[in-house]
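K.L.:
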Ligand code: PMP
Ligand code: GLN
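Numbering (the UniProt record's numbering), first residue to last: 1 to 367.
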């Protein structure tokens with residue numbers, strides 16, 4: 001979809017990346033690190049300064065006590081953290097439970113590991129999972145329950161009862177919880193609760209995050225894993241032969257970001273919330289039905305009220321008809337279950353205000 005936007009000159013509300021730079025202190029720190037010669041392989045588990053900053057961050061925001069030398073691993077983005085974790089934990093035939101829709105990498109990684117992907121549906125517009133469906137999906141065959149909250153593509157933040165049920169089911173069936181929290185700081189008046197903070201969760205949870213979203217540095221690919229030493233060591237064993245190490249000068253720069261004052265995190269979220277509101281209002285004015293996201297980069301809109309039953313077809317036509325690019329939600333579900341999501345389109349609002357205003361104006365052409 002990004003290639004389609006480039007080719008047609010349409011506004012790219014497809015792929016989730018910000019069109020503005022993040023905090024100057026973080027960018028300057030990367031320049032300084034390069035100038036200071038931080039350009040060779042960092043330690044395999046990550047630069048000490050970043051591991052310390054990650055541990056401090058977990059304590060400061062969540063009260064989690066993480067040992068920076070044994071319970072933290074720096075990865076090439078959350079993507080490598082996910083890949084290394086799934087490849088480390090999932091053997092042929094092991095089942096992995098996720099919600100559906102899911103972030104696209106999950107299905108591919110489970111397949112690559114030879115696992116079996118079981119899903120629990122989330123439905124537009126409130127995306128609340130049915131707890132009986134969750135109970136039915138998790139069995140003794142389940143090796144991993146992979147949760148993603150705040151969630152891509154829906155922007156949903158899982159409620160406390162659902163998180164508690166995940167922990168209960170994981171304990172009952174001796175499964176590992178893998179949690180993708182890359183949007184942890186981009187919440188709009190909703191509290192993000194890391195599942196690792198729940199009673200009984202830490203010892204069976206691999207937590208994954210990334211600097212990409214929080215600091216608007218998606219191209220730097222600095223991610224991390226936190227969890228009990230035995231699990232982190234398993235993930236390291238895979239990472240060692242995927243990338244070995246990554247992003248030497250960006251690691252101390254993300255450490256600077258993690259140490260920024262509370263106001264930075266609050267301002268980032270409130271600026272993004274204002275953007276969400278602009279795009280959501282624009283989509284509604286254009287005739288879409290909108291699910292207002294509690295967090296993240298994306299809003300899902302239903303094109304059915306406009307008379308479009310097929311979101312994929314609409315997304316192919318959008319550049320010509322409205323000069324905008326979006327992604328059909330069917331890209332995030334199993335091919336057999338596309339019908340339930342057919343008319344839904346995901347739009348990114350992590351863009352400059354003028355881009356969102358222009359997109360809102362152009363979308364009215366669909367009416
Ligand atoms: N998980 C989710 C839910 C995401 O939206 C993204 C961003 N595309 C990633 C993981 C990947 O993060 P990173 O860019 O740090 O690899
Ligand atoms: N997370 C972003 C998205 O879902 C970008 C990552 C990607 O394009 N693979 O659009």
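The beta carbon of each residue, even a glycine, is placed where N, CA and C say it ideally should be.
Please indicate yes or no: does the CB of residue 148 lie closer than 7 angstroms to some heavy atom of the ligand GLN?
P.N.:
no
K.L.:
Among residues of its own chain, excluding the 5 on either side of residue 68, which ones have a beta-carbon nearer than 6 angstroms to its beta-carbon?
P.N.:
51, 52, 55
K.L.:
I think residue 283 touches residue 347, with their Cβ atoms under 8 angstroms apart; what is that distance to the nearest whole Å?
P.N.:
7 angstroms
K.L.:
I need the boundaries of the alpha helix (DSSP H) containing residue 238, first residue and last residue.
P.N.:
229 to 242
K.L.:
How is residue 17 classed by DSSP in three states: helix, strand or coil?
P.N.:
Annotated three-state conformation of residue 17 is coil, per DSSP.
K.L.:
Consult DSSP for residue 256 and reduce its assignment to one of helix, strand or coil.
P.N.:
Helix.
K.L.:
Over what stretch of residues does the alpha helix (DSSP H) that includes residue 48 continue unbroken?
P.N.:
48 to 62
K.L.:
Extract the residue ranges of the alpha helix (DSSP H) inside the stretch 259 to 331, only unbroken runs of 4 or more that lie entirely within it.
P.N.:
Correct list: 262 to 286, 311 to 322.
K.L.:
If residue 303 and residue 343 are in contact, beta carbons under 8 angstroms, what's the gap, nearest whole angstrom?
P.N.:
5 angstroms
K.L.:
Apart from the five residues on each side of it in sequence, which residues of its chain come closer than 7 angstroms, Cβ to Cβ, to residue 309?
P.N.:
342, 343
K.L.:
With burial defined as no fewer than 16 other Cβ atoms inside 10 Å of the residue's Cβ, what is the status of residue 261: buried or exposed?
P.N.:
exposed
K.L.:
Please confirm whether residue 294 and residue 205 have their CB atoms less than 8 angstroms apart.
P.N.:
no
K.L.:
So, using beta-carbon positions, are residue 194 and residue 181 closer together than 8 angstroms?
P.N.:
yes
K.L.:
Quick one: residues in its chain with C-beta nearer than 6 angstroms to the C-beta of residue 156, no 5 flanking neighbours on either side, listed in chain order?
P.N.:
127
K.L.:
Any heavy atom of the ligand GLN closer than 7 angstroms to the CB of residue 15?
P.N.:
yes
K.L.:
Looking only at its own chain, which residues have a Cβ that is under 7 angstroms from the Cβ of residue 107, when we skip the five neighbours before and after it?
P.N.:
117
K.L.:
Would DSSP call residue 167 helix, strand or coil?
P.N.:
Taken through DSSP and simplified to helix, strand or coil, residue 167 comes out as helix.
K.L.:
Mapping the DSSP letters down to three states, classify residue 121 as helix, strand or coil.
P.N.:
Correct three-state label for residue 121: strand.
K.L.:
Could you tell me which of 7, 361, 213 sits nearest to residue 79, measuring between CA atoms?
P.N.:
213
K.L.:
Check residue 347 in the structure and name its three-state DSSP category.
P.N.:
strand
K.L.:
Helix, strand or coil for residue 115 per DSSP?
P.N.:
Coil at residue 115, not helix or strand.
K.L.:
Give me the Cβ distance between residue 166 and residue 90, rounded to the nearest whole Å; I'm assuming they're in contact under 8 angstroms.
P.N.:
In fact, because the Cβ distance is near 17 angstroms, the residues do not count as touching under 8 angstroms.
K.L.:
The ligand GLN and residue 152: does any heavy atom of the ligand fall closer than 7 angstroms to the residue's C-beta?
P.N.:
yes
K.L.:
Residue 120 and residue 105: beta carbons closer than 8 angstroms?
P.N.:
It is not a contact, given that the beta carbons lie outside the stated cut-off.
K.L.:
Go through its chain and collect everything with a Cβ distance to residue 124's Cβ below 7 angstroms, but skip five positions before and after it.
P.N.:
291, 300, 302, 344
K.L.:
Spell out the partners DSSP gives residue 109 in its beta bridges.
P.N.:
According to DSSP, residue 109 bridges with nothing at all.
K.L.:
Report yes or no: do the stretch 2 to 12 and the stretch 347 to 363 share at least 3 C-beta pairs separated by less than 8 angstroms?
P.N.:
yes
K.L.:
Assuming residue 192 and residue 150 are in contact, meaning their beta carbons sit under 8 angstroms apart, how far apart are those beta carbons, in whole angstroms?
P.N.:
Between residue 150 and residue 192 the Cβ distance is about 7 angstroms, and since that is below 8 angstroms, they are a contact.
K.L.:
Specify, as a first and last residue, the run of the alpha helix (DSSP H) that residue 26 falls within.
P.N.:
24 to 35
K.L.:
Just confirm the distance between the C-beta atoms of residue 394 and residue 81, as a whole number of angstroms; I'd bet it's less than 8 angstroms.
P.N.:
Residue 394 is absent from the structure shown; the chain starts at 1 and stops at 367.
K.L.:
Closer than 7 angstroms: is that where the CB of residue 193 sits relative to any heavy atom of the ligand PLP?
P.N.:
With respect to small molecules bound, the structure shown includes the ligand PMP and the ligand GLN and not the ligand PLP.
K.L.:
Please list the terminal residues of the continuous beta strand (DSSP E) segment that includes residue 371.
P.N.:
Outside the shown range of the chain (1 to 367) lies residue 371, about which nothing can therefore be said.
K.L.:
Using the three-state DSSP reduction, which class does residue 342 fall into: helix, strand or coil?
P.N.:
coil
K.L.:
Whole angstroms are fine: how far does the CA of residue 21 sit from the CA of residue 30?
P.N.:
Approximately 13 angstroms, taken between the alpha carbons.
K.L.:
Secondary structure at residue 368, three-state DSSP: helix, strand or coil?
P.N.:
Since the displayed the chain opens at 1 and closes at 367, residue 368 lies outside it and no answer follows.
K.L.:
Give me, in chain order, the residues of the same chain whose beta-carbon lies closer than 8 angstroms to that of residue 171; leave out the 5 immediate sequence neighbours on both sides.
P.N.:
Excluding positions up to five away in sequence, the list reads 200, 204.
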